[in-house]
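Residue numbers (my numbering): 72 to 431.
Glycine residues also receive a C-beta, built at the ideal position from the N, C-alpha and C atoms.
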Amino acid sequence: MRQPAAAQATSAAAEPAPLLEVEDLRKSFRRGGGSLLGRRGTAVRAVDGVSFTIRAGETLGIVGESGSGKSTTGRLLLRLLEPDSGRLRFDGQDLLIESRSAFRHRRRDLQMIFQDPYASLDPTKTIGASVTEPLRIFEKTTRRESENRGSELLSLVGLRPDHLGRYPSEMSGGQRQRVAIARALSLAPRLLVADEAVSALDVSTQSDVLNLMRRLQRELDLTYLFISHNLSVVRHMSDRIAVMYLGRIVEIGPADQVYLQPRHPYTRALLSAIPVPDPLIQRTRPRIVLTGDVPDPAHPPQGCNFVTRCPHAVPVCHEVDPVLEPDGGGYAVACHLSEGQETPDRTPRSSAAAPTQTGP
Ligand SMILES: Nc1ncnc2c1ncn2[C@@H]1O[C@H](COP(=O)(O)OP(=O)(O)OP(=O)(O)O)[C@@H](O)[C@H]1O
Ligand SMILES: [Mg+2]
Numbered sequence: 072m073r074q075p076a077a078a079q080a081t082s083a084a085a086e087p088a089p090l091l092e093v094e095d096l097r098k099s100f101r102r103g104g105g106s107l108l109g110r111r112g113t114a115v116r117a118v119d120g121v122s123f124t125i126r127a128g129e130t131l132g133i134v135g136e137s138g139s140g141k142s143t144t145g146r147l148l149l150r151l152l153e154p155d156s157g158r159l160r161f162d163g164q165d166l167l168i169e170s171r172s173a174f175r176h177r178r179r180d181l182q183m184i185f186q187d188p189y190a191s192l193d194p195t196k197t198i199g200a201s202v203t204e205p206l207r208i209f210e211k212t213t214r215r216e217s218e219n220r221g222s223e224l225l226s227l228v229g230l231r232p233d234h235l236g237r238y239p240s241e242m243s244g245g246q247r248q249r250v251a252i253a254r255a256l257s258l259a260p261r262l263l264v265a266d267e268a269v270s271a272l273d274v275s276t277q278s279d280v281l282n283l284m285r286r287l288q289r290e291l292d293l294t295y296l297f298i299s300h301n302l303s304v305v306r307h308m309s310d311r312i313a314v315m316y317l318g319r320i321v322e323i324g325p326a327d328q329v330y331l332q333p334r335h336p337y338t339r340a341l342l343s344a345i346p347v348p349d350p351l352i353q354r355t356r357p358r359i360v361l362t363g364d365v366p367d368p369a370h371p372p373q374g375c376n377f378v379t380r381c382p383h384a385v386p387v388c389h390e391v392d393p394v395l396e397p398d399g400g401g402y403a404v405a406c407h408l409s410e411g412q413e414t415p416d417r418t419p420r421s422s423a424a425a426p427t428q429t430g431p
């Protein structure tokens with residue numbers, strides 16, 4: 072599935088239209104709600120103008136710290152939340168002009184896998200009932216048909232037919248996540264949004280479930296939006312990676328390029344926090360420590376969103392919000408100091424403050 076960056080760039084001209092197109096998607100939440108005095112609370116810009124596309128059969132990974140807007144983005148795509156504004160096109164169709172009831176049928180094509188299968192599986196229902204529930208609702212399948220389809224779905228995700236009669240509490244965490252995947256696949260969707268789908272699992276179970284997802288993608292021709300705070304996991308799964316910070320994409324491009332040659336200081340900091348298996352490299356590798364917390368999304372800083380934590384910030388970063396500038400080869404970075412950015416007052420990187428590094 073993953074292809075070299077050069078191949079992606081050269082094949083771009085011949086590519087078919089993307090399966091999913093997301094344009095300038097926005098969603099704010101009211102914090103504090105209304106008050107007796109009539110105040111309406113503060114707007115938290117959870118998703119603040121997000122645009123991307125996903126081609127059929129591709130995996131786009133979304134990575135970013137807690138609160139960066141990853142889950143909200145995923146939920147908006149499935150209209151589990153209604154966007155404030157923006158455009159969503161799936162297979163050429165505008166998803167947002169459909170009424171919610173019409174969209175319910177569209178939802179067959181778009182399904183979600185959550186972090187905690189306990190939350191998505193009813194503990195009082197057997198695995199068989201949970202896996203086949205969407206079939207019974209959407210396709211009105213008979214009991215016998217449901218049982219057959221349930222067995223097929225379980226074997227697809229590496230479980231046995233005798234698991235159908237069990238309850239979620241009688242399954243391991245990895246098995247429960249397989250059940251959640253089987254349920255999500257029951258209506259033969261085309262796009263799966265996986266939100267921290269393996270984050271609650273131990274490392275070896277994580278890799279089993281990730282390998283399962285990759286196999287299913289090949290066999291069923293699935294398209295994935297793969298959300299995780301773990302950049303290594305995202306790299307393993309994704310063709311392209313989008314990095315989110317405070318409700319926006321700050322860098323997006325082919326997975327290997329983002330992982331091996333990140334251009335945004337935020338991505339570089341995220342990467343430097345990942346331990347390298349070789350202790351020698353790990354000891355000598357510079358570690359970029361971000362100072363300060365993620366700003367409150369209700370009060371983002373002026374200028375660049377990342378300016379309060381950026382070790383390279385120059386005056387323009389405090390004043391001008393950088394644009395996510397595509398370079399023509401499918402790569403885009405929102406940073407004044409990235410090559411190719413046109414800024415009104417560009418100061419050379421060498422004169423910028425040195426990053427905070429902790430060495431060996
Ligand atoms: N229903 C809600 N009401 C109010 N604020 C919300 C709501 N859902 C999300 N937020 C806020 O929106 C921002 C983005 O949240 P979101 O859950 O999308 O982040 P995330 O990147 O998925 O984080 P995590 O890695 O912790 O899952 C956060 O500031 C969060 O507090
Ligand atoms: Mg989340």
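Looking only at Gly138, Arg97 and Glu322, the smallest Cα-Cα distance to proline 366 is reached by Gly138. Between proline 239 and arginine 247, the C-beta spacing is below 8 Å. Here the stretch 138-153 lies against the stretch 173-181, with 3 or more beta-carbon pairs under 8 Å apart. Taken through DSSP and simplified to helix, strand or coil, glycine 244 comes out as helix. Between leucine 262 and threonine 294, the gap from beta carbon to beta carbon is short of 8 Å.
In the DSSP assignment, valine 202 falls within the alpha helix (DSSP H) that extends over 198-209. A heavy atom of ligand 1 is found nearer than 7 Å to the CB of histidine 300. For leucine 331, the uninterrupted alpha helix (DSSP H) run begins and ends at 326-331, by DSSP. The continuous stretches of beta strand (DSSP E) do not include phenylalanine 377, and DSSP gives it neither H nor E. Counting every other CB atom within 10 Å of its CB across the protein chains shown gives arginine 220 a total of 16 or more, marking it as buried. Of the candidates Ser409, Val387 and Glu129, the residue whose Cα lies closest to the Cα of glutamine 373 is Val387.
Non-local beta-carbon contacts of serine 217 in its own chain, meaning distances under 7 Å to residues more than five positions away in sequence, involve Thr203, Leu206 and Arg207 in chain order. C-alpha of glutamine 328 to C-alpha of serine 309: approximately 12 Å in a straight line. Aspartate 310 carries a coil assignment under DSSP once its states are collapsed to helix, strand and coil.
Note on geometry: alpha-carbon atoms of glycine 324 and alanine 313 lie some 7 Å from one another. Take the alpha-carbon of arginine 334 and the one of alanine 340: they are about 11 Å apart. In this chain, the beta strand (DSSP E) harbouring leucine 263 covers 262-266. Apart from the 5 residues on each side of it in sequence, phenylalanine 123 sits with its Cβ closer than 7 Å to the Cβ of Val93, Leu131, Ala313, Ile320 and Ile323 in its chain, given in chain order. Where leucine 91 is concerned, there is no enclosing alpha helix (DSSP H), although the beta strand (DSSP E) around it starts and stops at 91-102. In the displayed model, tyrosine 337 falls within a helix according to three-state DSSP.
Closest by C-alpha distance to valine 391, out of Tyr402, Leu408 and Thr113, is Leu408.
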